[in-house]
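J.: Once you've had a glance at the structure underneath, I'll fire off some questions.
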Amino acid sequence: MIFIGICGASGSGKSTLARELVKNIGARCLVMNQDAYYFDHPDMTDEERENFNYDEPASFDHDLILSDVESLMAGQPTPRRGYDFTHHRRSDPDEMMDPPDVLIIEGIHTFHDQRLCEKMLLKIYVQVDPDVCLLRRIKRDMRDRGRHIENIYKQYLNTVKPMYEKHIRHYADDADVIVMQGGKNAKIVGILAGYVQNLLTNKE
0 MIFIGICGAS
10 GSGKSTLARE
20 LVKNIGARCL
30 VMNQDAYYFD
40 HPDMTDEERE
50 NFNYDEPASF
60 DHDLILSDVE
70 SLMAGQPTPR
80 RGYDFTHHRR
90 SDPDEMMDPP
100 DVLIIEGIHT
110 FHDQRLCEKM
120 LLKIYVQVDP
130 DVCLLRRIKR
140 DMRDRGRHIE
150 NIYKQYLNTV
160 KPMYEKHIRH
170 YADDADVIVM
180 QGGKNAKIVG
190 ILAGYVQNLL
200 TNKE
């Protein structure tokens, strides 16, 4: 199995890049979203969950991510994880993930856990201007997550931007490849897909 990590700021185009790679690689691919691995907080009130810092590395269950990746790399199916962004609660679907030829994980702290990074054959950092990321985040959160502009603005100033400056922008130093312009960069998608296809051919 080829294991690829994609990291970058919120709104940088990580999910788009993962989808484009899947389309272009042409093998059995599986994308894991780090967002599905937020810790659940059933004891919090709705207001507490709304104001929680979801951009801090400790908000993710890194041990569970590692366990699921190790299971897939060992050829074992593992439960698919899910998260309800409207209510800020874990919401795992009743389905399994089968081991693929190419496993891709994407998220803002994909490179945080060194144990996970050591298993990645390719580490990709998506670098986009922060203003563009913010505009994309506003559009996504209003369209897909039922958020209001006041809530998005408050969260961006309180947690998103500070955590980007403290943690996320530094992950670029750990990357094998830095992708500019986000997931729609067709040239780099073609180059990366060709590289992965070549690795798959050599494995066979």
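Residue numbering for the sequence shown follows numbering that gives the first Met the number 0, starting at 0 and increasing by one per position.
All residues carry an ideal CB built from backbone N, CA and C; glycine is no exception.
For D54, I'd like the list of residues in its chain whose CB is within less than 6 Å of its CB, leaving aside the five on either flank, ordered along the chain.
T.: Counting only Cβ-Cβ distances below 6 Å, and skipping sequence neighbours, we find T158, V159 and M162.
J.: Can you tell me which of R88, E49 and R135 puts its alpha carbon nearest to the alpha carbon of Q180?
T.: Checked all of R88, E49 and R135; the closest Cα to Q180 is R135.
J.: Taking only the alpha-carbon atoms, compute the straight-line gap between Y152 and N201 and give it to the nearest angstrom.
T.: The alpha-carbon atoms of Y152 and N201 are separated by roughly 48 Å.
J.: Tell me where the alpha helix (DSSP H) around L199 begins and ends.
T.: That run of the alpha helix (DSSP H) goes A185 to K202.
J.: Using C-beta distances below 6 Å, list every residue in its chain close to H61, excluding the 5 sequence neighbours before and after it, in chain order.
T.: D112.
J.: In the DSSP assignment, find the beta strand (DSSP E) that holds K122 and state where it starts and stops.
T.: Its beta strand (DSSP E) spans residues L121 to Q126.
J.: Between which two residues does the beta strand (DSSP E) holding I1 run?
T.: Note, I1: beta strand (DSSP E), I1 to G7.
J.: Grouping DSSP H, G and I as helix and E and B as strand, with all else coil, what is R89?
T.: In the structure shown, R89 sits in a strand (DSSP, three-state: E or B).
J.: Which one or two residues does DSSP pair with M95 in a beta bridge?
T.: Answer is P78.
J.: How long is the line joining the alpha carbons of D172 and G4, rounded to whole angstroms?
T.: One C-alpha to the other measures close to 14 Å.
J.: Going straight from the alpha carbon of G81 to that of I1, what length do you get?
T.: Answer to the nearest angstrom: the Cα atoms are 23 Å apart.
J.: Exposed or buried, Q154, counting other C-beta atoms within 10 Å across all chains shown (16 or more means buried)?
T.: Classification for Q154: buried.
J.: Once you ignore the five residues that flank A192 on each side, which residues in its own chain have a CB closer than 7 Å to its CB?
T.: L20, N23 and I24.
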